[in-house]
Amino acid sequence: MTLDSVLSDPAAAPRRPTRGVAVRWGGHVVRVGGDAPVVVQSMTNTDTADPQATALQVRELWQAGSELVRVTVNTPEAAAQVAALRDALDRMNVPVPLVGDFHYNGHKLLTQFPDCAQALSKYRINPGNMGGGKRRDDNFAQMIEVACRHDKPIRIGVNWGSLDHELLARMMDENAARSAPWSANAVMREALVVSAVTNAERAQALGLRGDAIVLSCKVSHVQDLIAVYRELSRRCDYPLHLGLTEAGMGSKGIVASTAALAVLLQQGIGDTIRISLTPEPGGDRSREVVVAQEILQTMGLRAFTPMVVACPGCGRTSSTVFQELAASIQAFLRAQMPVWKTRYPGVENMHVAVMGCVVNGPGESRHADIGISLPGTGEIPSAPVYVDGERTVTLKGDAIAEEFQAIVENYVARRYGQQQGAEPARRPGVVARDIH
Ligand code: SF4
């Protein structure tokens, strides 16, 4: 490593300039692209024909931090319930804009159910599954006409699993005639980009404003996704929706999505992201929102909730106390954010350290806004707490977790609540020690 590489700023490249697209519901506006921060979005997996169940899941995703929520609109029964879904959300004070996901029959549903077209804030159009030939062109034009009439933005969402087969076949033929043909994979990537860009241009030619179009080209392999989006970014200035499609379950889905998106985001590419995790049976759908936020926050691109730094533990710590404390503090901080984000502006940037022993505990704790170093094996059973780099109190006994949580609450109120004159929020039965 050279001195230059140590001194150089490792920050992400400046965001690639894109047109800003406004996605609205009532007075609530989510801006995608332009100078807006990268937007987090998600998608429901309930039956949209059941507006109650879908409203509850949309609320759950929104409360987790999803700034746009996409719902499937696949049948007349689903389309007929979108306005009721919107009403239910409005009654629950959930202003999150809804995006309708259309395939095959979107032109019919948006035309036959104008209440649905109006209640949605954006339409996702997949140009690869709207039929072929003139029928495809007519269906596409019909959807654009509805978008213009209702003044709604669209996402042209190309997906390699449903790529326009006529376009791909034509490009394969053209490739075969080359003196040095590209690989089939390269042609597929080029076809994805061409499909997205030409359909966006076509939508504009049909009358849709240029600042009402977002593009995506989703594939399921990391290197393909990076290659496709780099090229897409080079060829147009529409805002780009990033996502690795069919990312998979658990750690595989998280790792693959993070690997792909982090490379692109670091290069300034991407205006909105969705993490397509397959939930475990009965699993929490909002996990995809948490992962999206954590990607953006750990890269320093946005801040959503205070982050907990915790060591992995090792043979120097034989108890699970610090693991439990790290987990409970992270869950506690996230649970407070719906209230804290308005009451304590800036708290989302706070760093909390929970460390397992004296080796790195005090050092990491000093670097955090607030940190605790728990006793490792053979160490004196006490836990020094550091606030703004200074050692303050030492906790002992069975109530370390409760006392540390109370210290964190008081710190948040004191540091981030001053402008509002807010009082520290104490939980019943927990007495916070004075940390100064
Ligand atoms: S801080 Fe201590 S317990 Fe944690 S990983 Fe390092 S040596 Fe192990």
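Counting in full-length UniProt numbering, the sequence shown runs from 1 upward without gaps.
Note that CB positions come from ideal geometry on N, CA and C, so glycine has one too.
Check                                                                                                                    : Outcome
Quick one: what does DSSP say M143 is sitting in, helix, strand or coil?                                                 : helix
Is T320 near the ligand SF4, judged by its Cβ being under 6 Å from some heavy atom?                                      : no
Is DSSP giving A196 helix, strand or coil here?                                                                          : helix
For R70, report the span of its beta strand (DSSP E) as first-last.                                                      : L68 to T72
Distance, Cα to Cα, V385 vs M43?                                                                                         : 41 Å
Reducing DSSP to helix, strand and coil, say where E390 ends up.                                                         : strand
Mapping DSSP to helix, strand and coil, what is F304?                                                                    : coil
Mind reading off the beta-carbon distance from D47 to A53? Whole number of angstroms is fine, and I expect it under 8 Å. : 7 Å
Give me every residue whose Cβ sits closer than 6 Å to any heavy atom of the ligand SF4, in chain order.                 : C311, P312, G313, C314, R316, T317, M355, G356, C357, V359, N360, G361 and G376
To the nearest angstrom, how far is the alpha carbon of E190 from that of E60?                                           : 38 Å
Thinking C-alpha only, which one of F140, L395, R24 and G397 is nearest K152?                                            : R24
Give me the Cα-Cα distance between V430 and S66, rounded to the nearest whole angstrom.                                  : Here V430 scores only 34 on pLDDT, less than 50, and its place in the model should not be relied on; the value that follows carries that caveat. Spanning the two alpha carbons is a distance of roughly 32 Å.
Considering Cα atoms alone, identify which of Y411, A49 and A399 is closest to G346.                                     : Y411
Could you tell me which of I329, V21 and G27 sits nearest to A36, measuring between CA atoms?                            : V21
Work out the CA separation of Q336 and A11 for me, nearest whole Å.                                                      : 29 Å
From which residue to which residue does the alpha helix (DSSP H) around A331 run?                                       : V321 to R343
For G159, report the span of its beta strand (DSSP E) as first-last.                                                     : Per the sequence shown, residue 159 should be read as Asn rather than Gly. Start and end: I154 to N159.
Give the straight-line distance between the Cα atoms of R427 and E409, rounded to the nearest whole angstrom.            : With a pLDDT of 35 at R427, under the threshold of 50, the predicted position of this residue should be treated as unreliable, and no value is reported.
Skipping 5 residues on each side, what residues in its chain have a beta carbon closer than 6 Å to that of D369?         : M350 and H351
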